[in-house]
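Undergrad:
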Ligand code: TXA
Ligand code: MG
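In this note's numbering, the protein residues as written are 119 to 460.
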């Protein structure tokens with residue numbers, strides 16, 4: 119299959135026509151990658167089981183890992199969710215459209231392929247004009263995982279999608295790099311307190327301000343098959359570049375870890391915050407990550423950095439871990455999953 123690269127023009131009519139073309143592909147059961155504010159998604163008609171199965175094939179994603187359904191309105195949401203609790207309305211008022219995904223009771227119209235046979239469906243309303251226009255034009259809810267091969271870092275630019283999926287999907291709408299760079303927060307509000315199943319772009323503190331207490335689900339570290347977790351994606355090695363990922367507690371610890379890895383003969387790539395003081399260029403391959411503490415900047419550059427260091431052929435990627443607050447929690451989560459043993 120040839121993947122059509124649809125580079126969005128600025129001119130409004132031409133832009134509209136291109137989005138309409140992509141929407142027609144989705145209505146016909148095709149696969150279209152598109153930008154959201156978090157990462158690129160790989161979309162298909164969520165109500166078409168055959169189309170949804172093609173997503174799993176293209177990504178080489180196991181059938182037990184369910185997909186998020188993307189909608190643009192409450193009316194569309196009612197086509198995929200059977201009931202909506204009051205807590206949802208409060209969250210929606212504050213965060214939708216936006217990078218929050220909430221589990222709801224699944225409507226019968228949603229194929230088993232989407233939810234991996236689970237009773238809940240994950241729903242989100244993206245805040246990105248292209249994503250919004252595409253779903254509106256398609257007129258159907260759109261199931262979309264991140265548009266990467268299963269287990270790879272998520273794509274934050276059209277190039278990343280092509281690296282992983284060229285020739286395996288019908289089209290990609292290139293709307294430039296994504297703004298946030300880490301995926302949506304996945305929240306379960308059926309429990310008390312509500313539980314964050316995947317830390318993401320909406321920080322825990324902001325969700326707590328709306329629903330009160332929120333806990334962050336900690337998956338068991340070993341021995342449990344992903345199928346039996348409350349969210350299958352939380353327990354697995356993920357977001358992983360080819361190189362081994364080595365984490366240190368803070369930027370001040372990078373220096374010593376780098377010396378040690380080099381003494382062991384490794385070719386090291388460093389996710390280096392400004393001022394990490396890696397002096398000579400041949401000491402390590404450096405990705406200038408951004409200023410420590412500017413978590414939004416670091417989040418937006420995280421996956422691009424992992425992909426770039428991989429492309430430069432390093433065998434170890436060394437990276438300091440942000441603290442567990444704000445967006446730092448989501449960055450930590452991605453890095454810790456990327457660092458899991460294969
Ligand atoms: O920002 C995002 O969320 C992006 C953009 C494209 O919207 N999407 C994304 O999808 O990250 P994906 O498939 O890469 O990650 C979705 C996560 C997986 O860990 C999956 O296991 C979990 O959400 N999930 C989806 N449906 C679920 C369900 N019904 N119950 C529990 N977990 C679910
Ligand atoms: Mg993903």
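For glycine and all other residues, C-beta sits at the position ideal for the given N, C-alpha and C.
Quick caveat: nothing in here was measured; it's all calculated off a predicted structure.
Given this structure, state the Cα-to-Cα distance separating residue 226 from residue 163, to the nearest angstrom.
TA: Those two C-alpha atoms are separated by around 15 Å.
Undergrad: Whose C-beta lies closer than 8 Å to the C-beta of residue 122 among residues of the same chain, with five residues either side of it excluded?
TA: Within the same chain, residue 122 has close Cβ partners 288, 289, 290.
Undergrad: What span of residues does the alpha helix (DSSP H) with residue 389 cover, start to end?
TA: Where residue 389 is concerned, there is no enclosing alpha helix (DSSP H), although the beta strand (DSSP E) it sits in stretches over 386-391.
Undergrad: Only counting the same chain, and skipping five residues up and downstream in sequence, which positions put a Cβ closer than 6 Å to that of residue 353?
TA: These residues qualify, in order along the chain: 337, 344, 347.
Undergrad: Going by Cα to Cα distance, which pick from 230, 132, 160 is closest to residue 144?
TA: Looking at the Cα atoms, 160 is the closest of the given residues.
Undergrad: Can you give me the start and stop residues for the beta strand (DSSP E) that residue 407 sits inside?
TA: Residue 407 -> beta strand (DSSP E) spans 403-408.
Undergrad: Mind checking whether residue 335 and residue 265 have CB atoms under 8 Å apart?
TA: Cβ distance not < 8 Å, so residue 335 and residue 265 don't count as in contact.
Undergrad: What is the C-beta distance between residue 299 and residue 420, in whole angstroms, given that I count them as a contact (C-beta under 8 Å)?
TA: Right, the Cβ-Cβ distance comes to about 6 Å (below 8 Å), so this counts as a contact.
Undergrad: Counting only the same chain and skipping the five closest in sequence on each side, list residues whose C-beta sits under 7 Å from that of residue 407.
TA: Same-chain partners within the cutoff: 389, 390, 391, 416, 419, 423.
Undergrad: How far does the alpha helix (DSSP H) with residue 250 in it extend, from its first residue to its last?
TA: Run containing residue 250: 247-256, per the alpha helix (DSSP H) assignment.
Undergrad: State the Cα-Cα distance for the pair residue 458 and residue 340, rounded to the nearest angstrom.
TA: Answer to the nearest angstrom: the Cα atoms are 11 Å apart.
Undergrad: Residue 296 and residue 156: beta carbons closer than 8 Å?
TA: A contact, by the Cβ cut-off of 8 Å.
Undergrad: Determine, using beta-carbon pairs with one atom in the segment 198-217 and one in the segment 169-181, whether at least three such pairs fall under 8 Å.
TA: Touching, no, given that fewer than three Cβ pairs across the two stretches are closer than 8 Å.
Undergrad: Going by DSSP in three states, residue 372 sits in which element: helix, strand or coil?
TA: In this structure, residue 372 counts as helix in the three-state DSSP scheme.
Undergrad: Since residue 161 sits in a beta bridge, which residues does DSSP pair it with?
TA: Bridge partners of residue 161: 150.
Undergrad: In terms of residue numbering, what span does the beta strand (DSSP E) encompassing residue 435 cover?
TA: Here the beta strand (DSSP E) through residue 435 covers 434-438.
Undergrad: Starting from the N-terminal side, write out each stretch of the beta strand (DSSP E) that is 3 residues or longer and does not extend beyond the segment 312-373.
TA: Runs of the beta strand (DSSP E) inside the segment 312-373: 312-316, 332-334, 362-366.
Undergrad: Is any heavy atom of the ligand TXA found at a distance shorter than 7 Å from the C-beta of residue 225?
TA: Residue 225 Cβ: outside cutoff for every heavy atom of the ligand TXA.
Undergrad: Between residue 393 and the ligand TXA, is there a pair consisting of the residue's CB and a ligand heavy atom that are separated by less than 7 Å?
TA: For the ligand TXA, not one heavy atom lies less than 7 Å from the Cβ of residue 393.
Undergrad: Between which two residues does the beta strand (DSSP E) carrying residue 292 extend?
TA: Note, residue 292: beta strand (DSSP E), 289-292.
Undergrad: Using CA atoms only, rank isn't needed, just tell me which of 148, 153, 147, 146 is closest to residue 272.
TA: Closest option to residue 272, Cα to Cα, is 153.
Undergrad: Specify, as a first and last residue, the run of the beta strand (DSSP E) that residue 199 falls within.
TA: Unbroken beta strand (DSSP E) run through residue 199: 199-201.
Undergrad: For the alpha helix (DSSP H) holding residue 306, just list the boundary residues, first then last.
TA: Premise fails: residue 306 lies in the beta strand (DSSP E), 303-306, not in any alpha helix (DSSP H).
Undergrad: With 16 as the cutoff for other CB atoms within 10 Å, does residue 309 come out buried or exposed?
TA: It is exposed - the Cβ of residue 309 has fewer than 16 other Cβ atoms within 10 Å.
Undergrad: Excluding the 5 residues flanking residue 451 on each side, which residues of the same chain have their C-beta closer than 6 Å to its C-beta?
TA: Excluding positions up to five away in sequence, the list reads 317.
Undergrad: With distance defined between alpha-carbon atoms, name the residue in 384, 435, 446 nearest to residue 412.
TA: Of the listed residues, the one whose Cα sits closest to residue 412 is 446.
Undergrad: For residue 302, verify whether its CB is less than 7 Å away from any heavy atom of the ligand PLP.
TA: Looking for the ligand PLP in the displayed structure turns up nothing; the ligands present are the ligand TXA and the ligand MG.
Undergrad: Using a Cβ-Cβ cutoff of less than 8 Å, which residues in the same chain neighbour residue 285 once the five nearest sequence positions on both sides are dropped?
TA: Within the same chain, residue 285 has close Cβ partners 119, 120, 121.
Undergrad: Flag residue 259 as yes when its Cβ comes closer than 7 Å to any non-hydrogen atom of the ligand MG, and as no otherwise.
TA: False, no ligand heavy atom lies under 7 Å from that Cβ.
Undergrad: Check whether the Cβ atoms of residue 440 and residue 366 lie closer than 8 Å to each other.
TA: Taking 8 Å as the Cβ cut-off, residue 440 and residue 366 do not qualify as a contacting pair.
Undergrad: Who are the near neighbours of residue 426 in its chain, counting only those whose CB is closer than 7 Å to its CB and skipping five residues on each side?
TA: Answer for residue 426: 405, listed in chain order.
Undergrad: Tell me where the alpha helix (DSSP H) around residue 231 begins and ends.
TA: Residue 231 -> alpha helix (DSSP H) spans 230-233.
Undergrad: Can you name the residues that DSSP bridges to residue 223?
TA: Residue 223 pairs with 201, 238.
Undergrad: Would you grab the beta carbon distance between residue 130 and residue 197 for me? Rounded to a whole angstrom, and I think it's under 8 Å.
TA: Contact doesn't hold; Cβ gap of about 29 Å is too wide.
Undergrad: Where the beta carbon is closer than 6 Å to any heavy atom of the ligand MG, which residues qualify, in chain order?
TA: Taken from the N-terminal end onward, the list reads 263, 264, 272.
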